[in-house]
Structures are given as structure tokens and as C-alpha cells.
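In UniProt numbering, the protein residues as written are 1 to 103.
Structure record follows, encoded as C-alpha cells.
See the structure below:
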């Protein structure tokens with residue numbers, strides 16, 4: 001699979017995460033057919049253009065945590081977006097049992 005094809009598949013999976021749910025970098029890579037590319041998911045999200053409609057806030061790490069440094073502007077922005085969608089963080093973590101999306 002080419003890099004462009006992988007990027008397209010990953011964006012499609014991320015775009016499919018329903019409002020009020022989250023998925024991990026690894027989950028997204030597996031769903032896109034590239035189970036060893038979880039880090040590429042992070043790189044892809046890091047390089048999204050400003051104003052992108054991709055729901056990047058719904059992607060968290062395998063511990064249920066926001067990947068940005070706690071308290072940073074980006075961490076707060078992601079937390080606020082998740083809260084607006086009904087996803088609650090307790091102790092800085094999202095309950096994967098409750099909110100994880102794995103179709």
C-alpha cells in the first residue's frame with residue numbers, strides 16, 4: 001500500500017469515528033489495514049491543515065489519555081472538544097470501556 005493510499009484509508013477511518021466516541025492510534029491503524037502504523041496516525045494528525053473537518057479530537061492513546069502534554073493549549077482544546085461531544089475524562093483519562101469505538 002502506498003503512503004498516499006494509507007493516508008486516505010486512515011483519514012476515512014478517523015472520519016468515521018462517531019461523535020461521542022473515541023478510538024486509539026493503534027485501533028485506527030488496524031481498521032485501515034496497517035496494524036503496524038499507529039505512529040503514522042499521529043504524524044498524519046499532527047500535519048492536518050488548519051480548519052480540517054477531520055475529527056482529530058476523537059483519537060487518543062491506548063491508555064485512554066490525550067497524547068498532548070497535560071495542561072497544554074492543545075490538551076485543553078482536545079479535552080473541551082471531547083466534553084462538548086459528551087466524552088468525559090476522569091483523572092485525565094477517557095474510559096475506553098465506555099467510549100471506545102471498534103466497529
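Glycine residues also receive a C-beta, built at the ideal position from the N, C-alpha and C atoms.
These figures come from a predicted structure and were not determined experimentally.
Look at residue 24 here: in three-state DSSP terms it is strand. When the beta-carbon positions are compared, residue 78 and residue 66 come within less than 8 Å of each other.
Counting only residues of its own chain and dropping the five nearest sequence neighbours on each side, residue 9 has a CB closer than 6 Å to the CB of 32. The residue from 93, 4, 19, 87 with its alpha-carbon nearest to that of residue 55 is 19.
DSSP places residue 66 outside both helix and strand once states are collapsed to three, so it counts as coil.
Contact check for residue 94 against residue 83 fails: the beta carbons are separated by 8 Å or more.
Residue 46 sits in a helix when the DSSP states are folded into three classes.
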